[in-house]
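S.K.: One structure, pasted below without further comment.
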Amino acid sequence: MAYRENSTRLLGGLAANITGEDQHFHYVVVGGGTAGITLAVRLAEDPSVTVALIEAGSFYELTNAPISSTPFGDILGVGADVSDANPAVDWEIVTTPQTGLSGRAFHYARVDDDSYTWDNFLPYFKKSVKFTPPNTELRAANSTAGYNDSAFSSSGGPLQVSYPNYAQPCYMQDGLNEIGINETEDFNSGSLLGAQYISATIDPNGEFRASSQETFLTAAANRTNLKVFQLTMAKKILFDSQYNATCKEVILSAGAFQSPQMLMVSGIGPKSTLQEFDNPNVGQNMWDHVLITSTHPVGLDSARLINDPDFAAAELAAWKANATGPYTNPGADFVAWEKVPFDLRQNFSQSVLQDLEFFPSDWPEVEYLMIPGFFGNFSAPDVDQPSTGSYGTVLSGVVAPLSRGNVTIASADMDDLPIVNPNLLAHPADQALILAGFKRARQLLASESLQNAVIGEEFFPGPQFKTDKEIFEAITEAAMTIYHASCTCKMGKVDDPTAVIDTQGRVLGVQGLRVVDASSFPLLPPGHPQSVVYALAEKIADDIKLADSL
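If you want my numbering, it's the position in the sequence shown, counting the first as 1, plus 5.
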């Protein structure tokens with residue numbers, strides 16, 4: 006299929022402009038990301054209401070074309086160093102210096118509501134998704150992906166979920182089996198323990214990245230009651246004398262950093278920061294996943310998209326012309342989760358073991374992502390590349406974190422970026438888990454099953470790091486967030502002293518204001534949170550529609 010140079014790129018009738026005059030809407034959604042677009046489009050399904058979607062940025066397909074339209078584009082510009090940022094698609098937020106990461110700064114519960122039980126929440130996971138099985142004619146014969154059709158609904162959509170046409174070979178599974186991590190059927194049925202190829206938000210019709218913008222907004226292109234204000238910065242929420250937002254509802258979907266920032270600049274936050282509506286929990290309770298890398302040279306052809314310009318140009322042309330090659334792959338398509346096994350767990354202190362009992366028995370503690378290419382120091386991974394050779398990388402990440410960070414404001418102006426302190430690796434349990442995860446990655450790469458593929462010593466961080474102390478020092482110099490920041494406007498019961506919103510996303514203490522995005526989570530799930538954000542947006546949209554009908 007030929008590359009769609011400009012199709013579905015323009016808003017058409019959805020586009021709106023600031024006119025200098027008051028414009029009135031039933032719902033104003035702030036933030037045109039995963040949750041915001043989903044919510045706005047679902048609310049606009051009711052033709053009797055009007056919806057405004059306010060987005061400070063523009064369209065990644067236009068501002069960073071064509072790379073951001075490729076599934077592989079998701080891992081570019083993710084380095085810790087701000088010089089690795091891409092302002093076309095990035096706010097360029099930099100954290101405070103992290104004590105748990107050698108002082109580096111980087112670019113960066115229960116709710117007592119039965120509607121969030123697995124059986125009741127599962128339909129919302131299914132509602133957004135149009136699933137397409139893997140294309141076995143284009144994928145390599147040794148990269149068969151397991152999946153469960155019943156995890157999806159035939160009536161779901163418009164979000165496309167499929168598998169990349171380019172997949173890394175399954176030799177990693179042989180190594181994982183050898184170290185005790187067995188293959189599972191799939192990761193979409195509610196269980197994460199095990200290893201398997203993962204589905205991704207990929208449009209199989211051309212192997213494009215399927216975002217909320219490309220799918221939901223495109224599906225809503227003919228709606229006259231939805232208006233999108235791009236390149237428009239929302240500055241403050243206005244309240245009347247009764248603490249009501251001055252339209253029917255304002256819904257914040259600006260993400261884990263800027264949703265709490267918007268609350269605070271609008272007067273809702275810790276009394277030490279603000280005086281109007283005291284809520285000391287806004288911006289607190291930040292969770293995130295943190296990871297480290299182990300890279301070896303391999304005797305197989307790998308995806309040299311970053312360190313081989315000629316290879317990258319040829320493969321980009323193949324993606325445009327035929328929807329094939331490594332640009333169809335989001336970078337890590339074979340993934341495993343596990344509880345740390347006994348041989349490493351026995352080294353944990355008693356207090357760490359007790360603290361980890363916070364998580365249920367089926368909650369993984371460490372995730373492993375296999376990358377068919379070089380991924381070394383996270384400061385600038387697309388710059389810090391060897392000039393020759395093929396490499397294989399295992400990323401190991403902590404997905405049962407106990408460190409908690411926070412977000413606050415630098416000023417009362419949304420134009421000033423918030424102050425973000427994720428507090429990574431501050432808790433001893435997180436330190437124990439990331440050390441164990443790194444050792445497991447080394448066990449995998451040293452397994453007999455991989456010896457025909459691995460052809461040399463560890464390239465990064467290197468075999469010279471042997472003792473726990475040496476390894477942990479290397480980790481603190483190279484570890485990085487996986488960009489799963491969440492929980493900064495925590496959902497909870499009305500009597501929860503740490504909650505910011507109730508189970509329908511309504512901000513406690515005011516009227517007509519909700520927060521719906523990853524900041525709303527009461528806790529960060531161990532899997533990748535994108536699907537949870539879509540499901541949450543779908544659920545809250547239904548909650549709002551139901552309330553309107555009563």
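Note that CB positions come from ideal geometry on N, CA and C, so glycine has one too. From a predicted model like this one, the values you see are computed outputs, not experimental measurements.
Using the C-alpha atoms, what's the distance from S307 back to M238?
M.R.: 42 Å
S.K.: Rounding to the nearest angstrom, what Cα-Cα distance links T486 and H294 in this structure?
M.R.: 6 Å
S.K.: In this structure, how does DSSP classify I424 when only helix, strand and coil are distinguished?
M.R.: strand
S.K.: Where DSSP assigns a beta bridge to L358, which residues make up the other side?
M.R.: Its beta-bridge partners do not exist; DSSP assigns none.
S.K.: Name the two residues that bound the continuous beta strand (DSSP E) containing G199.
M.R.: G199 to Y202
S.K.: Classify N193 as buried or exposed, calling it buried when 16 or more other Cβ atoms lie within 10 Å of its own Cβ.
M.R.: buried
S.K.: Report buried or exposed for E543, applying the criterion of at least 16 other Cβ atoms within 10 angstroms of its Cβ.
M.R.: buried
S.K.: Is the CB-CB distance between P531 and W342 below 9 Å?
M.R.: yes
S.K.: Let me check one thing: in DSSP terms, what residues is H301 bridge-paired to?
M.R.: G397
S.K.: Which same chain residues end up closer than 7 Å to L574 when comparing Cβ atoms and leaving out the 5 residues on each side of it in sequence?
M.R.: The shown model of the chain, from 6 to 555, leaves out residue 574, and the question about it has no answer.
S.K.: Does the beta-carbon of V499 have 16 or more other beta-carbons within 10 angstroms, so that it is buried, or is it exposed?
M.R.: exposed
S.K.: Please report the straight-line C-alpha distance between G211 and Y168, rounded to a whole angstrom.
M.R.: 12 Å
S.K.: Please state whether DSSP places N182 in a helix, a strand or coil.
M.R.: helix
S.K.: Specify the secondary structure class of M267 as computed by DSSP and reduced to three states.
M.R.: Look at M267 here: in three-state DSSP terms it is helix.
S.K.: I want to know whether the stretch 440-452 touches the stretch 359-379 - three or more CB-CB distances under 8 Å.
M.R.: Flag = yes, the stretch 440-452 and the stretch 359-379 touch.
S.K.: Are A172 and I186 touching if we call contact CB-CB under 9 Å?
M.R.: Judged by beta-carbon spacing, I186 lies beyond the 9 Å limit of A172, meaning their Cβ atoms are not closer than that value.
S.K.: For M496, which residues does DSSP report across the bridge?
M.R.: I506
S.K.: Identify every run of the beta strand (DSSP E) within the stretch 140-177, keeping only runs that are complete inside it and at least 3 residues long; order them along the chain.
M.R.: Fully contained in the stretch 140-177 are the following beta strand (DSSP E) runs of length 3 or more, in chain order: 164-166.
S.K.: Going by the beta-carbon positions, is the gap between K232 and L58 smaller than 9 Å?
M.R.: Yes, Cβ-Cβ distance for K232 and L58 is below 9 Å.
S.K.: In the DSSP assignment, the alpha helix (DSSP H) including F477 goes from what residue to what residue?
M.R.: D473 to A483
S.K.: Figure out for me which residue from D548, L541 and C252 has the closest Cα to the Cα of T39.
M.R.: L541
S.K.: Measuring CB to CB, does E463 end up less than 9 Å from T300?
M.R.: yes
S.K.: Cα separation between A61 and S258?
M.R.: 12 Å
S.K.: Does I376 come out as helix, strand or coil in the three-state DSSP assignment?
M.R.: strand
S.K.: Considering only C-alpha positions, which residue in the set A458, T223 and I256 is nearest to P377?
M.R.: A458
S.K.: Between the stretch 117-125 and the stretch 494-509, do at least 3 Cβ pairs fall closer than 8 Å?
M.R.: They touch, by the three-pair rule.
S.K.: Apply the 10 Å Cβ neighbour rule to A319 and answer buried if 16 or more other Cβ atoms are within range, or exposed otherwise.
M.R.: exposed
S.K.: Would you tell me roughly how many angstroms separate the C-alpha atoms of D124 and A417, rounded to the nearest one?
M.R.: 42 Å
S.K.: Cutting at 6 Å between CB atoms, please list the residues of its own chain near N182, excluding the five before and the five after it.
M.R.: none
S.K.: With distances taken between CB atoms, is the gap from V34 to V425 smaller than 9 Å?
M.R.: no
S.K.: Between which residues of its own chain and I236 is the CB-CB distance below 8 Å, once the five residues before and five after are set aside?
M.R.: It should be pointed out that residue 236 corresponds to Leu in this sequence rather than to Ile. Excluding residues within five positions, the ones whose Cβ falls inside 8 Å are E60, A61, G62 and S63.
S.K.: Cα-Cα, which of P346, P466 and S264 is closest to N411?
M.R.: Checking every option, the nearest Cα to that of N411 belongs to S264.
S.K.: Does the beta-carbon of R141 have 16 or more other beta-carbons within 10 angstroms, so that it is buried, or is it exposed?
M.R.: Reading off the sequence, residue 141 comes out as Thr, not Arg. Counting Cβ neighbours within 10 Å, T141 comes out exposed, since fewer than 16 surround it.
S.K.: V46 lies in the beta strand (DSSP E); which residues open and close that run?
M.R.: That residue, V46, is in no beta strand (DSSP E); its alpha helix (DSSP H) goes T39 to L48.
S.K.: Within a Cβ cutoff of 6 Å, which residues of the same chain sit near R228, ignoring the five residues on either side of it in sequence?
M.R.: A49
S.K.: What are the partner residues of N411, as DSSP defines its beta bridges?
M.R.: N426
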